[in-house]
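In our numbering, the protein residues as written are 2 to 216.
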């Protein structure tokens with residue numbers, strides 16, 4: 002395949018799920034003229050040095066994620082936000098090869114569109130995030146355990162934000178306190194809320210659920 006990278010071959014060869022679907026997506030992407038690389042423990046595809054899409058296999062689906070999907074025209078309504086707080090990325094999920102083949106020309110047109118956006122220098126206008134307020138329960142825990150505050154402040158802004166959103170989402174003080182207590186050791190270990198703690202993940206440092214194989 003033109004543009005393929007031998008370092009990525011093992012990922013597709015060893016895939017335990019969605020092997021046919023992943024292979025089909027890989028062919029479509031490479032046929033569109035993108036360059037294959039291995040980044041963030043996943044096949045990533047770039048154009049003129051800019052990341053365009055990344056392919057991933059998950060428990061319930063495989064997915065094609067556009068880094069600047071928010072800028073793409075989506076007449077077929079197949080692009081979705083991967084998370085409520087996602088700004089730029091958009092994802093297309095598949096659960097069967099039969100969903101991919103009919104969309105071959107559509108996916109290629111979206112890829113072409115994404116490449117043209119990079120050539121034009123287009124950027125996603127990300128609104129400035131409002132400063133997050135530390136929950137009172139977390140501030141109280143910091144007072145009781147100063148080392149926790151030190152470790153928390155040493156985390157990246159993204160990891161801090163993820164914890165604060167997780168804690169603040171609970172409506173009751175009891176639940177917020179419980180979530181904080183369950184996260185203390187992770188924070189002290191300088192780990193994010195979604196980081197792997199068992200060492201089994203194939204997508205380090207992110208947890209991919211591999212720990213479930215121990216059950």
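Glycine residues also receive a C-beta, built at the ideal position from the N, C-alpha and C atoms.
DSSP-derived helix/strand/coil call for residue i
i: residue 83; result: coil
i: residue 13; result: helix
i: residue 65; result: strand
i: residue 192; result: coil
i: residue 218; result: There is simply no residue 218 to check, as the chain begins at 2 and stops at 216 in what is shown.
i: residue 36; result: strand
i: residue 185; result: helix
i: residue 47; result: strand
i: residue 170; result: coil
i: residue 58; result: strand
Cut-off 6 Å between Cβ atoms - residues of its own chain near residue i, not counting five sequence neighbours on either side
i: residue 55; result: 43, 45, 66
i: residue 112; result: 33
i: residue 218; result: As displayed, the chain neither begins before 2 nor continues past 216, which places residue 218 out of reach and without an answer.
i: residue 159; result: none
Alpha-carbon spacing of residue i relative to residue j, whole angstroms
i: residue 13; j: residue 20; result: 7 Å
i: residue 103; j: residue 87; result: 28 Å
i: residue 10; j: residue 90; result: 25 Å
i: residue 134; j: residue 28; result: 46 Å
i: residue 152; j: residue 143; result: 10 Å
i: residue 74; j: residue 47; result: 19 Å
i: residue 184; j: residue 173; result: 17 Å
i: residue 170; j: residue 136; result: 10 Å
i: residue 18; j: residue 25; result: 13 Å
i: residue 154; j: residue 188; result: 10 Å
i: residue 115; j: residue 126; result: 16 Å
i: residue 84; j: residue 119; result: 23 Å
i: residue 38; j: residue 122; result: 22 Å
i: residue 72; j: residue 140; result: 39 Å
i: residue 156; j: residue 194; result: 11 Å
i: residue 51; j: residue 82; result: 21 Å
i: residue 147; j: residue 196; result: 23 Å
i: residue 105; j: residue 31; result: 12 Å
i: residue 41; j: residue 145; result: 37 Å
i: residue 166; j: residue 36; result: 36 Å
i: residue 99; j: residue 191; result: 43 Å
i: residue 53; j: residue 124; result: 12 Å
i: residue 161; j: residue 117; result: 35 Å
Neighbourhood of residue i by C-beta distance below 7 Å, restricted to the same chain and skipping five residues each side
i: residue 93; result: 64, 65, 79, 80
i: residue 62; result: 94, 95, 96
i: residue 77; result: 107
Cβ-Cβ separation, residue j to residue i (assumed contact under 8 Å), whole Å
i: residue 49; j: residue 109; result: Their Cβ separation, rounded to whole angstroms, is 17 Å, which puts residue 49 and residue 109 out of contact at 8 Å.
i: residue 58; j: residue 8; result: The Cβ separation is near 17 Å, so there is no contact.
Cut-off 8 Å between Cβ atoms - residues of its own chain near residue i, not counting five sequence neighbours on either side
i: residue 138; result: 168, 174, 177, 178, 181
i: residue 149; result: 142, 143, 185, 188, 189
i: residue 101; result: 22, 25, 26, 29, 95, 108
i: residue 163; result: 193, 194, 195
May I have a chain-ordered list of the alpha helix (DSSP H) segments no shorter than 4 residues that lie completely inside the segment 117-159? As for any alpha helix (DSSP H) of minimum length 4 sitting wholly inside the segment 117-159, the runs are 137-145, 147-155, ordered along the chain.
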